[in-house]
Amino acid sequence: MPTGSGDRVEALTILSEEEANTIDAIAGRIIPGDTADPGAREAGATIYIDRALGGFLRELRPVYRRAILGLDALTQERHGAAFAELEAEAQDAVLADLERGGQGGTGDTEVRDVGWDEGSLLSTFFEVVREHILQGTFGDPAYGGNRDLVGWRLLGFPGARWGYTLKEMAPGVDARSLPVKSLADLRRERPWDDSE
Amino acid sequence: MSTESVDAVIVGLGAVGAILAEKLATAGLRTVAFEKGEHFRDPDFRFKHDEIRYYARGAISPNMTRDPVTWRATSRDTAAVLPWSSGPLGVDEPLFGMPAIGTGGGTLHWGGAAFRFPAPEFRMRSAIVERFGAGALPTDTTLVDWPFGFDEIERYYDLVEWEQGVSGAAGNVAGEPRDGGNPFDDPRTRDYPMPPLHAAPGDRVFADAARRLGYHPYPIPAAINSVPFANRSACTYCGWCHGFPCHVGAKSSTHATSLPVALATGNLEVRAQSRVCQVNRGPDGRAGGVTYFGPDGVRREIEAPIVVLAAYSLENARLLLLSDLNANDQVGQHFMTHNFGWFNGVLPEDSNPFVGTLVAGSALDDLGADRVPDGAGVLWGSPIVGFPTDIQPLEAVHSMNPEAPRWGVGFKEWLRTNYRRLYRMYSQTANFPSARHRVDLDPTVRDPWGVPALRITHDWDDHDARSVEFFATVKERIAQAMGIRESWQHASRPFYHLSTHECGVHRMGENPAESVVDADGQSHECSGLWVLGGGQFPSFGGYNPTLTIQALAYRAAEALLEGVGAKMEPLEWAKGGPV
């Protein structure tokens, strides 16, 4: 089933169907979820990546292509199927292998020193695709991910808020009860002072 | 074709340059100011609530492709473009790179921590020698006292607080202690122009715990309007502050404070997307103007008898070196930067660390400067600063507990449970200046304009690590009193060597053989050339540098104008009493 939940199918602008399926599958393991408790896949992280690879991250487009081919070749060899076709447990085992092969593993601030040499391509790809999946889950929906603000609702983060009232700022407030806003909401509601 | 000529040229319109632009233009000097970034107006930032744009993609951060900086640990190593700020993972934390570019500069991205340096900071060397003996200092340190003391800079601090706008609670006005402020405050001429910001929800837990331990927490002085002031609005507590520009003009960013005043005089022309690459000298050896690349990439010259470099400490040093203005080899020496000693923890209850601004918290000075206790094993103190909020989701994910799962169900549950309970603290300890730490021109790396990049040679020393370790124990004690059970801290020798707080590389001093600029910021080697910023600092302690950098800017503006027979005029809104 294509990215997202229910009938929400969006066009791809640069990824192939197969590539999108692979990224969907990875997203489903980075932040697992389902319709009731959405994760990165339901947030549309793959659509975020599709839009980014055609724009800001266009230099990484060839790397995504090479890495996804490499990942599928690896799982074909080990399990006789493409990554997206594997059971969740097998997918996790493959991803854990890639993570261990990387130069990092102790939080992003410690793994800056990653490169694209072929020997570590898949491990670097793991760090990069993980980062982009997180961006596609916790960034503003304007970029194609965080659909229905599910990433922010998971955290209880009220999003692109123009501000908070003193009452909302008081200790003890359950932030999950506050309205969650996106940049589109701000633009629609025009909370700024037009006289300025 | 004759070369264009004006009264003054300013390079960089950030924390310092915009102040100089305002004072010079107001005094009637025809001034051209160059800014390599954009000329921003407030409506540009209406939709700044965006971590992808500003945090992940660094919309206002210098990009290592266009503005490369290289680093190596020692002079035996080959430098590489900042490894923690480049590569496939993209732009790193704005904290560990160069300050923002565009009009406003570092005051676009800053959190607005507006600490004054306590009096002992101006005589760090003497204070350490008196207490511990000269033998206690690292043998290779080039540490010196400032050419003036707190009493001489106080009235410039007052100007910054009133002209740029700082909210806070005074601890001591004209010798009279005040409740609610920092009891260790040195006397100030008058109160802050605005009361403190409303505290973020997590601050009370920190302040209460600190008090129980006998410390004296006080509201962090904030360069953010707590009430409408200086034709700018009050803070809305949106929680998107540090690393983001302000959407309502409440944060004191010079594009919103000084620059509009400067432009209203009609004497200032801003040339954005324009990069100065060299300071030129006249036949008499005095400052004669600059060479720059305009937005079209064409190299041009402009003449001016006054040239102000205000492009950040490191860029200032780079420009001096590119201009061959380094006869005494002092340019680029005495590099100092901050080690933040980041502490992260999970509070027992929700504190909503996204509501309000990060400086809407408390700090304590009990262990600051010369109050570092005997037996700590370190020579200089630091405040402990609470960081209760302004932690957006991606930033939070990037600073997660390294013991927590990085993906999968465990990762999801960790975030779901803990994100709303995150709390941070930091100390700030700087390395002592040393012959081993310096900046110069990289022999191979150039920017796209063909200009050599700046190279940093710096590594954390034993004293740096011991300082972080000592203050880590203090943070742990406070955390325990706050009920924090899960916590993690940065390594004492962290991976970064830039903190947006780089200082010392064009040191000021009275002796022209041992410094780059005089006590007012004018070049010893080339009169008419003013080199301003944290690069002037002879020493660097535990406090955020910007308020002091701006105080030095006002001092320089006053001296510069006096030299041309003009007078520095205070702004109208800076004349009154507290609002």
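Sequence order for the protein chains is A and B. If you read the first sequence in the working numbering, its first letter stands for residue 1364, the second for the next number, and so on. If you read the second sequence in the working numbering, its first letter stands for residue 22, the second for the next number, and so on. All C-beta atoms in this analysis are idealised placements derived from N, C-alpha and C, irrespective of residue type, glycine included.
*How big is the Cα-Cα spacing for Glu1473 (chain A) and Ile1431 (chain A)?*
In the first sequence, the residue the question calls residue 1473 (chain A) occupies position 110. In the first sequence, the residue the question calls residue 1431 (chain A) occupies position 68. Low per-residue confidence applies at Glu1473 (chain A): pLDDT is 39, beneath 50, and the placement is therefore not dependable, though the value from the model is reported in the following sentence. Each residue's alpha carbon lies about 25 Å from the other.
*Hey, which unbroken runs of the alpha helix (DSSP H) at 4 residues or more fall wholly within the region 126-206 of chain B?*
127-130, 145-153 and 171-181
*Cut-off 8 Å between Cβ atoms - residues of its own chain near Ile505 (chain B), not counting five sequence neighbours on either side*: Numbered from its first residue, the second sequence carries residue 505 (chain B) at position 484. These residues qualify, in order along the chain: Gly366, Val367, Leu368, Pro369 and Tyr444.
*Could you say which of B:Ala230, B:Ala228 and B:Gly192 lies nearest to Asp212 (chain B) if we only look at CA atoms?*
Locating residue 212 (chain B) in the second sequence gives position 191, where the first residue counts as 1. For Asp212 (chain B), the nearest C-alpha among the options comes from B:Gly192.
*asked:* Would the region 272-279 of chain B count as touching the region 31-46 of chain B if we require 3 or more Cβ pairs under 8 Å?
replied: yes
*Going along chain B in order, which residues have a C-beta closer than 8 Å to the C-beta of Ile1412 (chain A)?*
Within the first sequence, residue 1412 (chain A) is the residue found at index 49, counting from 1. Those do not exist, as Ile1412 (chain A) stays about 12 Å from chain B at its closest Cβ, beyond 8 Å.
*Can you find a CB in chain A that lies within less than 7 Å of the CB of Asn373 (chain B)?*
In the second sequence, the residue the question calls residue 373 (chain B) occupies position 352. Yes, its Cβ sits closer than 7 Å to a Cβ of chain A.
*Note the first and the last residue of the continuous alpha helix (DSSP H) segment covering Leu343 (chain B).*
Mapped onto the second sequence, residue 343 (chain B) falls at position 322. Residues Ser334 to Leu343.
*Could you tell me if Leu1529 (chain A) is buried or exposed, where buried requires 16 or more neighbouring beta carbons within 10 angstroms of its beta carbon?*
Working through the first sequence from its first residue, we reach residue 1529 (chain A) at position 166. Leu1529 (chain A) should be labelled exposed.
*Hey, could you find the ends of the alpha helix (DSSP H) Ser279 (chain B) is sitting in?*
Indexing the second sequence from 1 puts residue 279 (chain B) at position 258. Taken as a continuous stretch (DSSP letters only), the alpha helix (DSSP H) holding Ser279 (chain B) covers Ser279 to Ala285.
*So does the region 205-224 of chain B actually touch the region 175-188 of chain B, counting three or more Cβ pairs closer than 8 Å?*
yes
*When A:Ala1444, A:Gly1507, A:Leu1518 and A:Ile1394 are compared against Tyr1411 (chain A), the one with the closest alpha-carbon*: Mapped onto the first sequence, residue 1411 (chain A) falls at position 48. Closest option to Tyr1411 (chain A), Cα to Cα, is A:Gly1507.
*Nearest chain A C-beta to Val418 (chain B) closer than 7 Å, yes or no?*
Locating residue 418 (chain B) in the second sequence gives position 397, where the first residue counts as 1. For Val418 (chain B), the answer is yes, since a Cβ of chain A falls inside 7 Å of its Cβ.
*Could you have a look at Asn565 (chain B) and say whether DSSP puts it in helix, strand or coil?*
Mapped onto the second sequence, residue 565 (chain B) falls at position 544. Here Asn565 (chain B) sits in coil by DSSP.
*Just mark Ala1451 (chain A) as buried or exposed, buried being the case when its beta carbon has 16 or more other beta carbons within 10 Å.*
Here residue 1451 (chain A) corresponds to residue number 88 of the first sequence, with the count starting at 1. Answer is exposed; the Cβ neighbour count stays below 16.
*Along chain A, which residues have their Cβ under 7 Å away from the Cβ of Thr257 (chain B)?*
Position 236 of the second sequence, counting from 1, holds the residue named residue 257 (chain B). Residues of chain A passing the Cβ test: Trp1525 and Gly1526.
*Could you spell out the range, first to last residue, of the beta strand (DSSP E) harbouring Pro473 (chain B)?*
The residue you call residue 473 (chain B) lines up with position 452 of the second sequence. Residues Pro473 to Thr478.
_Chain-ordered neighbours of Glu72 (chain B) on chain A, where CB pairs are closer than 9 Å_ = Residue mapping note: residue 72 (chain B) aligns to position 51 of the second sequence, counting from 1. Ordered by position in chain A, the residues that pass the 9 Å Cβ test against Glu72 (chain B) are Gln1498, Phe1501, Gly1502 and Asp1503.
*Below 7 Å CB to CB, which residues in the same chain sit around Gly554 (chain B) once its five sequence neighbours on both sides are set aside?*
The residue labelled residue 554 (chain B) in the question sits at position 533 within the second sequence. Cβ neighbours of Gly554 (chain B) beyond the five flanking positions: Val37, Ala331, Tyr333, Ser334, Asn337 and Ile570.
*asked:* Just to make sure I have the definition right: I need the residues of chain B whose C-beta is within less than 8 Å of the C-beta of Glu1450 (chain A). Which are they?
replied: Here residue 1450 (chain A) refers to the residue found at position 87 of the first sequence. Correct list: empty, because the minimum Cβ distance to chain B is about 15 Å.
*Which bits of chain A does Lys433 (chain B) rub up against, with CB to CB less than 8 Å?*
Numbered from its first residue, the second sequence carries residue 433 (chain B) at position 412. Result: Ile1394, Pro1395, Gly1396, Gly1402 and Leu1517.
*How many angstroms separate the CA atom of Pro83 (chain B) from the CA atom of Glu59 (chain B)?*
In the second sequence, the residue the question calls residue 83 (chain B) occupies position 62. In the second sequence, the residue the question calls residue 59 (chain B) occupies position 38. Using only the alpha carbons, I get a separation of about 12 Å.
_Beta-bridge pairing of Ile31 (chain B) - partner residues as DSSP gives them_ = Here the question's residue 31 (chain B) lines up with position 10 in the second sequence. DSSP, once it has assigned bridges, lists B:Ala54 and B:Val329 as partnering Ile31 (chain B).
*If I'm right that Pro240 (chain B) touches Gly189 (chain B) with Cβ under 8 Å, what's the distance once you round it to whole angstroms?*
Within the second sequence, the letter at position 219 stands for residue 240 (chain B). Within the second sequence, the letter at position 168 stands for residue 189 (chain B). Pro240 (chain B) to Gly189 (chain B), Cβ: 6 Å. Contact.
_My output table needs one value for Glu629 (chain B): the three-state DSSP class, helix, strand or coil._
Residue 629 (chain B) is absent from the structure shown; chain B starts at 22 and stops at 600.
*Can you find a CB in chain B that lies within less than 7 Å of the CB of Phe1520 (chain A)?*
What you label residue 1520 (chain A) is simply residue 157 of the first sequence in a count that begins at 1. Chain B contact via Cβ: present.
_Minimum Cβ-Cβ distance from Val376 (chain B) to chain A less than 7 Å_ = Locating residue 376 (chain B) in the second sequence gives position 355, counting from the first residue. Yes, Val376 (chain B) lies at the interface with chain A (some Cβ there is under 7 Å from its Cβ).
_chain B contact residues for Leu1529 (chain A), given Cβ-Cβ distances below 8 Å_ = Here the question's residue 1529 (chain A) lines up with position 166 in the first sequence. Within 8 Å Cβ-Cβ: His219.
*Interface partners of Gly260 (chain B) on chain A, CB under 8 Å*: In the second sequence, counting from the first residue as 1, residue 260 (chain B) sits at position 239. Per Cβ cutoff of 8 Å: Arg1524 and Tyr1527.
*Under the three-state reduction of DSSP, which class applies to Val37 (chain B): helix, strand or coil?*
Taking the first residue of the second sequence as position 1, residue 37 (chain B) is located at position 16. Residue state, collapsed to three classes: coil.
_Could you give the first and the last residue of the continuous beta strand (DSSP E) run that contains Gln1439 (chain A)?_
Position 76 of the first sequence, counting from 1, holds the residue named residue 1439 (chain A). Looking at the DSSP string, Gln1439 (chain A) is not in any beta strand (DSSP E); the run it does join, the alpha helix (DSSP H), is Arg1424 to His1442.
*In chain order, what residues of the same chain lie with their CB nearer than 6 Å to the CB of Ala595 (chain B), ignoring the 5 residues before and after it?*
Your numbering for residue 595 (chain B) matches position 574 in the second sequence. So the list reads Trp183 and Glu184, once near-sequence residues are dropped.
*Please name the residue or residues paired with Leu1458 (chain A) in a DSSP beta bridge.*
The residue given as residue 1458 (chain A) occupies position 95 in the first sequence. According to DSSP, which records beta bridges pairwise, Leu1458 (chain A) is partnered with nothing at all.
*When you compare only the Cα positions, how much space is there between Ser106 (chain B) and Trp92 (chain B)?*
Working through the second sequence from its first residue, we reach residue 106 (chain B) at position 85. Working through the second sequence from its first residue, we reach residue 92 (chain B) at position 71. About 11 Å.
*Residue-level contact to chain B via CB, Pro1425 (chain A), 7 Å cutoff*: Reading the first sequence from its first residue, position 62 is the one you call residue 1425 (chain A). So no, Pro1425 (chain A) is outside the interface.
*If we call anything under 7 Å between Cβ atoms a contact, is Gly1464 (chain A) one with Arg441 (chain B)?*
By one-based count along the first sequence, residue 1464 (chain A) stands at place 101. By one-based count along the second sequence, residue 441 (chain B) stands at place 420. Not a contact, by the Cβ cut-off of 7 Å.
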